[in-house]
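These notes concern the structure reproduced below.
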Amino acid sequence: MAADALTTNATLDGLHGAAADLAADKQAFPVPWGKLMMWIFLLSDTFIFSCFLTSYMNVRISTTVKWPNPSEVFGLNVGNTSVPLLLIAIMTMVLITSSGTMAMAVNYGYRRNRAYTTALMLVTAGFGATFVGMQAFEWSKLILQEGVRPWGSPLGAEQFGASFFMITGFHGLHVSAGVIYLTVIALRVWNGFYDRKGSYETVEIAGLYWHFVDLVWVFIFALFYLW
Amino acid sequence: MDHTATATTHAEGQQHPVAIYMYVWALLFIVSTFSYLVDYFHLHGALRWTLILLFMVVKAGLIVAIFMHMRWERLALKLAILVPPLCLLILIGLMAIEGDYTFATRLAAFVH
């Protein structure tokens, strides 16, 4: 019965299908409730990050003081040459790699491959932890060497520090939470919890969260570091 | 019995060939490298901003469509999740106008 309620209208596609899904006397979204709730949470998170990025845009437009050049601020010295944005480029690659391993973990989860799913999720969490570690390095460098504070910056506009710590701090918090989340789910995969439950959808839901963290970084990378 | 039926329907719901993930993964690496090169070669002005936004949208689209499986969801869910963020464009537009106004006021009041 429950299965019928979920699959009715599944043959109708496009706008007619959407109208039927929403209007018929049945569950509107034929997906597991946990997945739908994760999507709605991510939608609300989209609004939070968008508010941060919009306020960053607003203060950057309105300041009369020169904005520090992120390309130089976040450069790294390799030998004697300074490579612009090197640390951020590596962090971006680490996060994309972790997204790839997470996608593979979801795939192996649906194939009921317990060992591969656990391993891939732990690798993903490991990349996440690496990312947070690099961010800690970046923050220390900025605070201790450059003297940037949330209320001021010797490099230029004061709003630079405020925007930087707010946006990357909130994103870093999401990555840290994700590392814990993924580790917990990976351990449950390993001890056979989802085999007994008969469904690996929890792995896909955790994957949604992780890909979202990567997605937010795409916007931060483009709008804060490259702009 | 109902419960198991439901579970299996979903469990096998989002299973796709591994090749497509590998392909998207490689694409994400390539596009990220492109956006890094925009900075590396010191591109400026409209060209820089257009390329940054273009690469950003391509990467975001790939992640949402393939990694987050949005491409395979039903239209009702796509609309429910992807349409609401569009109101943010209004916020962004308003804040850009407001920022320009504040900038002009500051120039007039503080900068001589």
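The listed protein sequences derive, respectively, from chains A and B. Heads up: the first sequence begins at 1 in my numbering, then just goes up one per residue. Heads up: the second sequence begins at 228 in my numbering, then just goes up one per residue. Cβ coordinates follow ideal geometry from the N, Cα and C atoms, glycine included. Treat the numbers as computed from the prediction; the structure is a model and nothing was measured.
Here T81 (chain A) carries a strand assignment [DSSP, helix/strand/coil]. Comparing alpha carbon positions, the residue from A:F127, A:H211, A:L87 and A:S50 closest to L289 (chain B) is A:H211. Taking all protein chains shown into account, W217 (chain A) has 16 or more neighbouring C-beta atoms within 10 Å of its C-beta and is therefore buried. Taking the Cα of V245 (chain B) as reference, the smallest distance to any Cα among A:M57, A:P32 and A:N107 is reached at A:N107.
In this chain, the alpha helix (DSSP H) harbouring D21 (chain A) covers G14 to A23.
In terms of Cβ geometry, A105 (chain A) and T81 (chain A) do not form a close pair [threshold 8 Å].
Beta-bridge pairing by DSSP links R149 (chain A) to A:G152. Using a Cβ-Cβ cut-off of 7 Å, I308 (chain B) is close to W39 and L43 of chain A, given in chain order.
In this structure, the straight-line span from the alpha carbon of G34 (chain A) to that of A20 (chain A) is close to 22 Å. Near chain B, meaning a CB-to-CB distance below 7 Å, the residues of the stretch 195–218 of chain A are G198, S199, Y200, E201, E204, L208, H211, D214, L215 and V218.
Interface annotation, V189 (chain A): not in contact with chain B, CB-CB separation never under 8 Å.
Counting only runs of at least 4 residues, the stretch 275–309 of chain B fully encloses the following alpha helix (DSSP H) elements, listed from N- to C-terminal order: 302–309. Between the stretch 60–80 of chain A and the stretch 152–161 of chain A there are three or more C-beta pairs closer than 8 Å, enough to call the two in contact.
G109 (chain A) places its beta carbon less than 8 Å from that of V203 (chain A).
Judged by DSSP in its simplified three-state form, L208 (chain A) adopts helix.
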